[in-house]
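> Positions 1 to 455 (our numbering) are the ones given, in order, by the sequence shown. Don't be surprised by glycine CBs; every beta carbon is placed ideally from N, CA and C.
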Amino acid sequence: MREKEISADSSNKLWNFFASVRLTVIILLSLATTSVIGTIIPQNESPAAYFRQYGEFFYRLFNALDIFDMYHSWWFQFLLLLLTLNIVVCSINRLSSTWKIVFTKNPPFNLSKFKNLPDKEEFTDNRSPEQLKKIYESFFSKSFGHRRIEDTEKGFRIFAEKGRWTRLGVYFVHLSIILMIIGGLLGSIFGFEGLVNIPENEVVSSIMLRKTGEIQKLDFGIRLESFNLSFYDSGAPKEYRSTLSIIENGEAVLKQDVIVNDPLRYKGINIFQSSYGTLPPPKITLTFKNRETGKEFEKNAGLGEEFDIPDGGGRFLLKDFKGSFNFMGHNMGMTFIGTLTPVSGDAVDVFLPVQFPNFDRMRKGALSVSVADFKHRYYTGLQVTKDPGVFIVYVGFLVMIIGCFITFFMSHQRICVEVTRSQDRSKVMVAGTANKNKMGMHMKTRKISQGLIGI
1 MREKEISADS
11 SNKLWNFFAS
21 VRLTVIILLS
31 LATTSVIGTI
41 IPQNESPAAY
51 FRQYGEFFYR
61 LFNALDIFDM
71 YHSWWFQFLL
81 LLLTLNIVVC
91 SINRLSSTWK
101 IVFTKNPPFN
111 LSKFKNLPDK
121 EEFTDNRSPE
131 QLKKIYESFF
141 SKSFGHRRIE
151 DTEKGFRIFA
161 EKGRWTRLGV
171 YFVHLSIILM
181 IIGGLLGSIF
191 GFEGLVNIPE
201 NEVVSSIMLR
211 KTGEIQKLDF
221 GIRLESFNLS
231 FYDSGAPKEY
241 RSTLSIIENG
251 EAVLKQDVIV
261 NDPLRYKGIN
271 IFQSSYGTLP
281 PPKITLTFKN
291 RETGKEFEKN
301 AGLGEEFDIP
311 DGGGRFLLKD
321 FKGSFNFMGH
331 NMGMTFIGTL
341 TPVSGDAVDV
351 FLPVQFPNFD
361 RMRKGALSVS
371 VADFKHRYYT
381 GLQVTKDPGV
391 FIVYVGFLVM
401 IIGCFITFFM
411 SHQRICVEVT
421 RSQDRSKVMV
431 AGTANKNKMG
441 MHMKTRKISQ
451 GLIGI
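(1) Have a look at Phe18 and Leu117 and give me their C-alpha separation to the nearest angstrom.
(2) Once DSSP output is grouped into helix, strand and coil, what is the label at Leu303?
(3) Would you please state the rounded distance, in angstroms, between the beta carbons of Ile269 and Val384? I believe it to be under 8 Å.
(4) Restricting to Cα atoms, I'd like to know which of Glu248, Lys13 and Tyr240 is closest to Asp262.
(5) Which one of Leu61, Asn106 and Pro282 has the shortest CA to CA distance from Lys375?
(6) Kindly indicate which three-state DSSP category Pro342 falls into: helix, strand or coil?
(7) Return helix, strand or coil for Asp373, following the three-state DSSP convention.
(8) Hey, how far is the Cα of Pro108 from the Cα of His412?
(9) Measuring CB atoms only, is the region 120–139 touching the region 79–88, in the sense that at least three cross pairs come out at less than 8 Å?
(10) Report yes or no: do three or more beta-carbon pairs, one from the region 188–198 and one from the region 348–366, lie closer than 8 Å?
(11) So Thr524 is in the beta strand (DSSP E); what residue range does that whole segment cover?
(12) Apart from the five residues on each side of it in sequence, which residues of its chain come closer than 8 Å, Cβ to Cβ, to Lys319?
(13) Quick one: what's Cys404 bridged to in DSSP?
(14) Pick from Lys120, Leu14, Asn106 and Leu209: whose alpha carbon is nearest that of Ser46?
(15) Taking Phe114 as part of the alpha helix (DSSP H), name the residues at either end of that continuous run.
(16) So Met70 and Val393 are supposed to be a Cβ contact under 8 Å. How far apart are they, rounded?
(17) Residue range of the alpha helix (DSSP H) that Ser97 falls in?
(18) Here's the rule: buried if 16 or more other CB atoms are within 10 angstroms of the residue's CB, otherwise exposed. What is Val348?
(19) Any idea if Val21 is buried or exposed, counting beta-carbon neighbours within 10 angstroms, 16 or more meaning buried?
(20) Can you give me the Cβ contacts of Arg127 inside the same chain, cut-off strictly under 7 Å, excluding the 5 residues immediately before and after it?
(21) Tell me whether Met439 sits in a helix, a strand or coil according to DSSP, three-state version.
(22) Quick check: what's the CA-CA separation for Phe272 versus Asp257?
(23) Check the C-beta distance from Glu121 over to Arg446 and give it rounded, since I have them as a contact under 8 Å.
(24) For Glu418, count neighbouring Cβ atoms within 10 angstroms of its own Cβ and tell me buried if that reaches 16, exposed if not.
(25) What do you get for Asp311, buried or exposed, if any count of 16 or more other CB atoms within 10 angstroms of its CB means buried?
(26) When DSSP labels each residue in this structure, what does Leu317 get in the three-state scheme?
(27) Can you give me the C-alpha to C-alpha distance between Asp360 and Leu61, rounded to a whole angstrom?
(28) Note the first and the last residue of the continuous beta strand (DSSP E) segment covering Ile41.
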């Protein structure tokens with residue numbers, strides 16, 4: 001028996017702990033503090049960037065505490081689960097008394113409570129209580145869902161109320177918070193965010209996860225049909241547009257243009273335009289010109305290919321390509337980089353901007369090199385995300401709007417009208433109360449009183 005009492009006492013203490021408002025405040029302060037930290041410390045940057053900024057000691061400490069990806073950390077998710085449990089227990093703890101008020105068939109009626117209200121309205125009517133009874137009953141039937149009429153020795157009284165269900169508004173708010181937390185946790189645990197670069201006319205079916213660098217396979221393929229780029233007069237990019245096709249079983253099932261802030265959505269996966277770049281063709285045509293003889297030679301070459309220059313000019317290695325190349329503070333655009341090794345002398349690096357074919361003529365030497373034929377390909381950089389909890393979050397947001405409207409703008413209103421015979425006339429008392437907006441209820445009581453006088 002003693003063990004059962006101890007067990008029951010422990011259960012009550014645990015229940016009271018989770019139902020504590022103090023626990024709610026502590027959790028909310030903890031979430032607010034961690035959110036501030038997450039704002040100050042950039043999230044999901046590269047380890048090298050964190051190491052340079054904070055040093056080895058703090059990097060290891062913050063990394064062990066998941067500070068660099070805190071919104072997906074186990075302790076942040078634990079705080080959210082604890083807040084959810086706290087809200088559920090608090091709601092259950094207070095729901096029983098509210099439930100009795102909302103769903104009772106015969107709500108209690110305390111006449112003395114209404115008579116003691118300081119803002120009640122009183123007036124006299126020349127008609128008898130018998131005449132007023134049907135008139136008042138019809139009046140209240142238009143505005144109040146629940147009505148009860150009681151006969152008294154000297155007349156009658158009417159008790160009317162509406163908006164009982166509005167007492168549940170706070171539970172709508174609680175439910176909305178729970179839904180948003182659940183949606184956020186689903187997205188955090190089962191969702192992903194990754195990046196992929198797709199050259200024109202190629203298909204990919206996997207992405208690289210942004211947080212871990214792991215490869216995430218997709219249930220379909222993404223093909224870049226074409227990429228279009230437009231510029232302002234200043235030369236800055238104006239808009240870049242990717243025409244994408246979704247490939248399933250070797251066939252295109254969806255085709256759509258994707259621009260910034262206008263993603264493609266398919267099977268719960270969102271595909272955003274995030275970047276772009278250029279790719280060199282497999283082969284380009286290089287022109288070699290002998291400064292002394294004026295002779296020109298052409299040679300087709302690919303990246304990484306080394307070959308002999310005609311007419312004993314030495315050897316040339318086409319070793320790199322830059323989509324954007326900076327030379328002495330100037331952006332030269334797409335540029336090939338090669339190494340020229342003359343028959344006699346040291347090897348030199350040669351920079352070949354596509355837009356400036358005569359650029360290499362500034363270099364001293366027997367030969368000058370330029371790009372004669374070049375047709376580049378674009379690639380599109382896509383951000384691919386999946387968040388299975390986003391719909392639940394949207395539902396929670398909608399429920400919160402409804403709950404807040406009910407909580408702050410609607411109330412449970414109760415009206416009592418007592419009519420007593422006074423000689424050949426009737427004395428009428430009108431009193432009203434509400435669980436919220438007392439001033440508004442006082443004004444409504446006065447309006448009802450004036451309406452009863454006028455009928």
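In short:
(1) 38 Å
(2) coil
(3) 6 Å
(4) Nearest of Glu248, Lys13 and Tyr240 to Asp262, Cα basis: Tyr240.
(5) Pro282
(6) coil
(7) strand
(8) 14 Å
(9) no
(10) no
(11) Given that the chain is displayed from residue 1 to residue 455, the structure contains no residue 524 and the question cannot be resolved.
(12) Cβ neighbours of Lys319 beyond the five flanking positions: Leu303, Gly304, Ile337, Gly338 and Thr339.
(13) BP columns for Cys404 are empty, so no partner.
(14) Ser46 has its Cα closest to that of Leu209, out of Lys120, Leu14, Asn106 and Leu209.
(15) Leu111 to Lys115
(16) That belief does not hold up - the Cβ atoms of Met70 and Val393 are roughly 19 Å apart, past 8 Å.
(17) Trp74 to Phe103
(18) exposed
(19) exposed
(20) Ser426
(21) For Met439, the secondary structure class from DSSP, reduced to helix, strand or coil, is helix.
(22) 11 Å
(23) 6 Å
(24) Glu418 is buried by the Cβ-count criterion.
(25) When all chains shown are included, Asp311 counts as exposed.
(26) strand
(27) 51 Å
(28) From DSSP, Ile41 is part of no beta strand (DSSP E); its letter is neither H nor E.
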